[in-house]
Amino acid sequence: MCQLSDRFFSAVRSLSGDGPIKQRLVSAYKEHLEDLHEEDVPDSIRQKFTSLREALTAVGPTNGESAVHASVRKMSPVDAQRYTTSILLMLGELVRVKSNGERLAFVKTDRPLVTTEPAVPGVIQLHNTAR
Numbered sequence: 041m042c043q044l045s046d047r048f049f050s051a052v053r054s055l056s057g058d059g060p061i062k063q064r065l066v067s068a069y070k071e072h073l074e075d076l077h078e079e080d081v082p083d084s085i086r087q088k089f090t091s092l093r094e095a096l097t098a099v100g101p102t103n104g105e106s107a108v109h110a111s112v113r114k115m116s117p118v119d120a121q122r123y124t125t126s127i128l129l130m131l132g133e134l135v136r137v138k139s140n141g142e143r144l145a146f147v148k149t150d151r152p153l154v155t156t157e158p159a160v161p162g163v164i165q166l167h168n169t170a171r
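Counting in this note's numbering, the sequence shown runs from 41 upward without gaps.
Here you go:
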């Protein structure tokens, strides 16, 4: 089990990596957020999450690429940046909700909680070993 805020943190971490913004947005969404359901997210971010999902799946899949790839490919760089910022703001809201003591949903995932590469050299990384 992995906490919802950890999924968004991992998405933001992907967004802050190297590469073109559109490529990072596709990776962040597909690897960390795509399999979430609207009912998995708290009311405070549900509308933003639904809007993100709709935007990232607006274009149907073509030529072997997913709807997410096709949708992001057709976005302007400004729109891609806007959706990137939206993911960051949703994480901020989840952290705020968490600090107020509200309960967040847990989401089952088969992916590791944290990658093996440290975000900051010398910082110890935690790993989810439960499967």
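Cβ coordinates follow ideal geometry from the N, Cα and C atoms, glycine included.
| Asked | Found |
| --- | --- |
| Buried versus exposed call for residue 62 [16 or more other C-beta atoms within 10 Å across all chains shown] | buried |
| Residue 107: first and last residue of the uninterrupted alpha helix (DSSP H) it sits in | 107-114 |
| Boundaries of the alpha helix (DSSP H) in which residue 104 is found, first to last residue | Per DSSP, residue 104 belongs to no alpha helix (DSSP H) and is neither H nor E. |
| Spatial distance of residue 77 from residue 54 (CA atoms) | 20 Å |
| Nearest-angstrom Cα separation, counted from residue 110 out to residue 47 | 23 Å |
| Residue environment, residue 42, which counts as buried when at least 16 other CB atoms sit within 10 Å | A caution first: residue 42 carries a pLDDT of 47, below 50, which makes its placement in the model too unreliable to give a value. |
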